[in-house]
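Mapping of the sequence shown onto the numbering used here: residues 205 to 462, in sequence order.
See structure below.
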Amino acid sequence: MRRRFALLLFFLFSAFAAIGALSEAHAETPEEIFHRGNTAYERGDYVAAADAYRTVLQYGIADPRVEYNMGNAAFKLSRLGEAILHYQRAYRMAPTDPDVAANLQLARSRCFDEVPAPETSAAIRLFSAFQDRLGPDRQAWIALGLVWFLAAVVAWRSSNPGGWNAASGWTVAALLVVLCLVGASWYATFARLEGAPLAVVIDASVDVLAGPGENNAALFTVHEGLTVEVRSERENWVQVSLPNGLNGWVPRQAVGLV
């Protein structure tokens, strides 16, 4: 009797081990899950597509394609806050992608809240848009190219007897000025796109409180899709700031961090 029971346990253990090994062998990779999400999106099953993209993101993969597609699926499901959150993440990783920028702008146009930023001149807005289109990576490569070109000019002039003259000096000075300007532009673009921690309101509406706690007074109300700057965090509360300078505290679950 004991021998039969031992054999039964052995066969049961072997069967479960085989099932586990078979499951692992057929486990999907993040790339396969991503393609499954794309297939679901193409046939109009946005719930399945969003679930697939969300699964890929749970692997800790930072890819603008996944964030962008997740934003598209959320937008189709009328989850405006979630859509803007993922578009914002995609834009931070790929600021030069015109599709990401266009869909982010479209989603923002559906927001209930319109909080104007401080007034800036048209020239500054155009230049900032140009910086964003270039992105910090391209500007860094331009700066690196200028450094090498400047080093080559200095080495060439220094290797020739009497090579330094007024024209050479002015050329080097001009290159240094351009390099400083490109470096400053890179820093400004990096700070604007990646420096400030941002969050997006994902609840339909949430009261912004005077302090981190339900017993604090409500200052104003924000709605789904609004992008705010994160000032600080305390336990389950986040201090947020609006473009017009208003700030307060909201529950952590009411916003998604970009």
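Just so it is clear, CB atoms sit at the ideal spot from N, CA and C, and this is done for glycine as well.
message: Given this structure, state the Cα-to-Cα distance separating Q457 from A306, to the nearest angstrom.
response: Between Q457 and A306, the alpha-carbon positions lie close to 27 angstroms from each other.
message: Taking only three categories from DSSP, how would you classify V442?
response: In the structure shown, V442 adopts extended strand secondary structure according to DSSP, grouped into three states.
- request: Using three-state DSSP, classify A253 as helix, strand or coil.
  value: When secondary structure is reduced to three states using DSSP, A253 falls in the helix class.
message: Counting beta carbon pairs with one atom in the segment 346-360 and one in the segment 397-413, are three or more of them shorter than 8 angstroms?
response: Contact between the segment 397-413 and the segment 346-360 is absent: fewer than three C-beta pairs spanning the two stretches fall below 8 angstroms.
task: Please work out which residues of its chain come closer than 7 angstroms, Cβ to Cβ, to G415, disregarding the five sequence neighbours upstream and downstream, and give them in chain order.
output: These residues qualify, in order along the chain: W453.
- prompt: For the 8 angstroms Cβ check, are there 3 or more pairs between the segment 387-404 and the segment 333-344?
  reply: With the cut-off at 8 angstroms, the segment 387-404 and the segment 333-344 touch.
- prompt: Cβ of L284 within 8 angstroms of Cβ of A311?
  reply: A contact, by the Cβ cut-off of 8 angstroms.
- prompt: From which residue to which residue does the alpha helix (DSSP H) around V404 run?
  reply: Counting along the chain, V404 falls outside any alpha helix (DSSP H), though it belongs to the beta strand (DSSP E) covering 402-405.
- prompt: So what does DSSP say about S363, is it helix, strand or coil?
  reply: Correct three-state label for S363: helix.
field: N369 versus T375 - alpha carbon distance
entry: Approximately 10 angstroms, taken between the alpha carbons.
- prompt: Starting from T375 and walking both ways along the alpha helix (DSSP H), at which residues does that stretch end?
  reply: Per DSSP, T375 belongs to the alpha helix (DSSP H) from 370-394.
task: State yes or no: is the C-beta of L385 within less than 8 angstroms of the C-beta of L354?
output: Contact: no.
query: First and last residue of the alpha helix (DSSP H) that includes A244?
result: Residue range 234-246 is occupied by the alpha helix (DSSP H) that includes A244.
field: R293 versus N364: straight-line alpha-carbon distance, rounded
entry: It is roughly 52 angstroms from the alpha-carbon of R293 to the alpha-carbon of N364.
message: I'd like the span of the alpha helix (DSSP H) that includes V412, first residue to last.
response: Here V412 belongs to no alpha helix (DSSP H); instead the beta strand (DSSP E) covers 409-413.
- request: Give the secondary structure of S282 by DSSP, where H, G and I count as helix, E and B as strand, and everything else as coil.
  value: The answer is coil: DSSP assigns S282 none of H, G, I, E or B.
task: Determine the direct distance from the alpha carbon of M297 to that of E228, and round the result to whole angstroms.
output: With a pLDDT of 42 at E228, under the threshold of 50, the modelled position of that residue is not reliable, and no figure is offered here.
- request: Please look up how many angstroms separate the CB atoms of V319 and N448, rounded, as I've assumed it's under 8 angstroms.
  value: 5 angstroms between Cβ atoms; contact.
- prompt: Do you know offhand how far E428's Cα is from L281's?
  reply: In a straight line, the C-alpha of E428 is about 14 angstroms away from that of L281.
field: Nearest-angstrom beta carbon gap, F238 and V260 [assumed within contact, 8 angstroms]
entry: In this structure V260 is in contact with F238, their Cβ atoms being roughly 5 angstroms apart against a cut-off of 8 angstroms.
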